[in-house]
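Read through the structure below, which is laid out as structure tokens, and then see the notes.
2 protein chains.
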Amino acid sequence: MPRRKEPPTRDRLVDAGLRLLEDGGPESLSARKVCAEIGASSMAVYTYFDGMAGLYEALTLEAFARFDRRLAEAPRTTDPVQDVFAIGLAYRDYALAHPQRYRLMFGATAPGAGLPPVHDLTAERSASPAPIANASFEQLVTVVRRSMAAGRLREDDASAVAGQLWTMVHGFVLLEVSGWFGYDGQGVFDILAPHCVNLLVGLGDEREAAEGSMVAAAPDPETFRTPAPAAGALPGTRRGPRPRRPG
Amino acid sequence: MPRRKEPPTRDRLVDAGLRLLEDGGPESLSARKVCAEIGASSMAVYTYFDGMAGLYEALTLEAFARFDRRLAEAPRTTDPVQDVFAIGLAYRDYALAHPQRYRLMFGATAPGAGLPPVHDLTAERSASPAPIANASFEQLVTVVRRSMAAGRLREDDASAVAGQLWTMVHGFVLLEVSGWFGYDGQGVFDILAPHCVNLLVGLGDEREAAEGSMVAAAPDPETFRTPAPAAGALPGTRRGPRPRRPG
DNA sequence: GACGTGGCATGACGCAGTTATACCTGCCAG
DNA sequence: CTGGCAGGTATAACTGCGTCATGCCACGTC
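Residue numbers (UniProt numbering), protein chains in the order written: chain A, 1 to 247; chain B, 1 to 247.
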């Protein structure tokens, strides 16, 4: 069993791994570099994680755990639809603060670990991020269920509705961190906010109520600028997917 | 200039690269393996692509070109909303048929090429997939615009609306190919189809009209099973994000 | 027929993941 | 106190990776 001095070697490796991943991208996430970061030899990766795949897995689990904590920190109010927006904002905040980590979580990075799950169904692997991811997902299911109980959303399968919201934020965030919506956060205003309002309307909410909850969830008034009802179109709308390198 | 015998070496490398990527995942996409596939030495990658980054870029461009062609093959009818569904189905078909290629296209693979665009804004690179991706996006914008002209969708910025639809399908497809919705296509029925209908309703369409267009776009009656209007909830709904390895 | 140019193979370099081996340190038995 | 034991760790070597300097060789041209 590992020595329990002050900071266990295993945890220091995970911390260093997440730090290197975010600072230098997946290419910096090598066994030699991570171990050198804490002053150990590359053998430590095999002692504690049985190889790089295990390290990737531990990093994924830790990233999901912090993600789950971040979603839990989003405020819960008496307006459950406002809470939906709050969770969505926290979701995006986390992804934008740690884009590499987010890609790792959802199988978009990790050259060796779990990248091709479609072709890799038979691979036996001990720990899966699914339980902790399900915990995060359940946070969304709960506020959806509350929204239905409050009469804001049509009664329906709360998990299916939460899946629609998750799909929306996930797709948006991945496009945003890859630069398809520009790098200035305009996409939230142009795409995500109207998408969310439109989806909520389709789920049964009144448009004015949804927009009110959206504005109430904004930490500052600039986050969501309510579209001018008279103009009809959204001001300053971008032309959709844009080059990764603007200009 | 390259010799123009029968199959140019450059094109054969791109073909072999796409094939290796889909068959063996990103790990199989090495300079040595791709060149060995066509009986050349690894030097060919530098002769034609100036390194692996250039090969990744060429593969991404070719993947986007085939994707664009696939979307263009989706039938266009007199019902523009039906065409929206048809494009969405073609989109998903392509992504599910070539999941690794799809990840490469949207910056999720490619350890060396454009993976961390957030940290890599200053990198100068000649060709970008943005123009061809914009062509695909414009196909969606066109049918959205037709939907507005036909009075099915509220008049709005067609690009912003197309961005919402794109976000939805992109997010869904990435979760689906990673196994979060299971591997049996149930997610289309549980999540994507109701999401699309709900979004279209929020965009101004009538629910019955949207569901009618959806059913009309299905190549066979089983693709979208219309939710029973009496039950309210979707039958057979899954519990949202699921383990990558079911069981 | 000699020449130069461009495509390509060869071989080397550094770095990656991985692993066999040996060492070293802390613990327990006697 | 001493000897053995066991587990964490460093070392070094293996293979395969991207990359590049070098040189060969087959073309097209004068």
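We treat Cβ as the ideally placed atom computed from N, Cα and C, and that holds for glycine.
Could you compute how far the alpha carbon of residue i sits from the alpha carbon of residue j?
i, j, result
"Arg10(A)", "Tyr48(A)", "6 Å"
"Ala86(B)", "Gln139(B)", "12 Å"
"Ser159(A)", "Gly187(B)", "12 Å"
"Thr167(A)", "Ala53(B)", "30 Å"
"Val201(B)", "Leu165(B)", "12 Å"
"Asn134(A)", "His195(B)", "20 Å"
"Ala44(B)", "Leu20(A)", "33 Å"
"Phe181(A)", "Phe172(A)", "9 Å"
"Pro219(A)", "Glu211(A)", "15 Å"
"Val161(A)", "Val144(A)", "7 Å"
"Val197(A)", "Ile191(B)", "17 Å"
"Ser169(B)", "Arg154(A)", "Residue identity check: residue 169(B) is Val in the sequence provided, not Ser. The straight-line gap from Cα to Cα measures roughly 23 Å."
"Tyr56(A)", "Asp50(A)", "11 Å"
"Ala31(B)", "Phe106(A)", "27 Å"
"Leu203(B)", "Val177(A)", "26 Å"
"Val215(A)", "Gly151(B)", "29 Å"
"Asp157(A)", "Leu61(A)", "28 Å"
"Gly185(A)", "Pro221(A)", "14 Å"
"Leu121(B)", "Pro129(B)", "Bear in mind that the predicted position of Leu121(B) carries a pLDDT of just 28, short of 50, making it unreliable; the figure below should be weighed with that in mind. For Leu121(B) and Pro129(B), the distance between alpha carbons rounds to 15 Å."
"Thr77(B)", "Tyr183(B)", "31 Å"
"Phe224(A)", "Ala63(A)", "28 Å"
"Pro8(A)", "Asp15(A)", "11 Å"
"Ala149(A)", "Asp205(A)", "12 Å"
"Leu29(A)", "Ser42(B)", "25 Å"
"Leu96(B)", "Leu18(B)", "15 Å"
"Ala65(A)", "Ile38(B)", "45 Å"
"Lys33(B)", "Glu27(A)", "20 Å"
"Leu199(B)", "Asp79(B)", "17 Å"
"Ala217(A)", "Ala193(A)", "12 Å"
I want to see whether chain B comes within less than 8 Å of residue i, judged by CB atoms only; does it?
i, result
"Pro80(A)", "no"
"Gly51(A)", "no"
"Leu59(A)", "no"
"Leu175(A)", "yes"
"Pro202(A)", "Here the sequence assigns Gly to residue 202(A), which means Pro is not the residue at that position. True, the Cβ-Cβ gap to chain B drops below 8 Å."
"Val197(A)", "yes"
Taking residue i as the reference, which of the options has the closest Cα?
i, options, result
"Asp23(A)", "Glu62(A), His98(A) and Val14(A)", "His98(A)"
"Ser147(A)", "Gln100(A), Pro221(A), Ala209(A) and Ala95(A)", "Ala209(A)"
"Leu175(A)", "Leu61(A), Arg92(A), Arg207(A) and Glu222(A)", "Arg92(A)"
"Ala74(B)", "Phe64(B), Pro80(B), Ala90(B) and Leu192(B)", "Ala90(B)"
"Tyr94(B)", "Phe67(B), Thr78(B), Val84(B) and Val143(B)", "Phe67(B)"
"Asp83(B)", "Leu192(B), His170(B), Thr142(B) and Gly25(B)", "Thr142(B)"
"Ala36(B)", "Ala217(B), Ser178(B), Ala72(B) and Arg12(B)", "Arg12(B)"
"Leu104(B)", "Val197(B), Ala217(B), Asp50(B) and Gly25(B)", "Gly25(B)"
"Arg69(B)", "Asp157(B), Asp156(B), Leu96(B) and Ser136(B)", "Ser136(B)"
"Leu59(A)", "Ser28(A), Arg101(A) and Ala40(A)", "Arg101(A)"
"Val81(B)", "Thr223(B), Glu222(B) and Ser213(B)", "Ser213(B)"
"Ile132(B)", "Glu27(B), Gly179(B), Gly88(B) and Leu71(B)", "Leu71(B)"
"Gly163(B)", "Gly88(B), Gly39(B), Lys33(B) and Pro8(B)", "Gly88(B)"
Please decide whether residue i counts as near chain A, where near means a Cβ-Cβ distance under 8 Å.
i, result
"Pro219(B)", "no"
"Leu71(B)", "no"
"Gly163(B)", "yes"
"Gly17(B)", "no"
"Ser178(B)", "yes"
So which residues on chain B does residue i lean against when the C-beta distance must stay under 7 Å?
i, result
"Met168(A)", "Thr167, Met168 and Gly171"
**Prompt:** What residues in the stretch 145-161 of chain A have a beta carbon less than 7 Å from any beta carbon of chain B?
**Reply:** Those would be Glu155, Asp156, Asp157, Ser159 and Ala160, in chain order.
**Message:** Can you pull out the residues from the stretch 180-194 of chain A whose beta carbon lies closer than 9 Å to at least one beta carbon of chain B?
**Reply:** Trp180, Phe181, Tyr183, Gly187, Asp190, Ile191, Leu192 and Pro194: these are the residues of the stretch 180-194 of chain A whose beta carbon lies less than 9 Å from some beta carbon of chain B, given in chain order.
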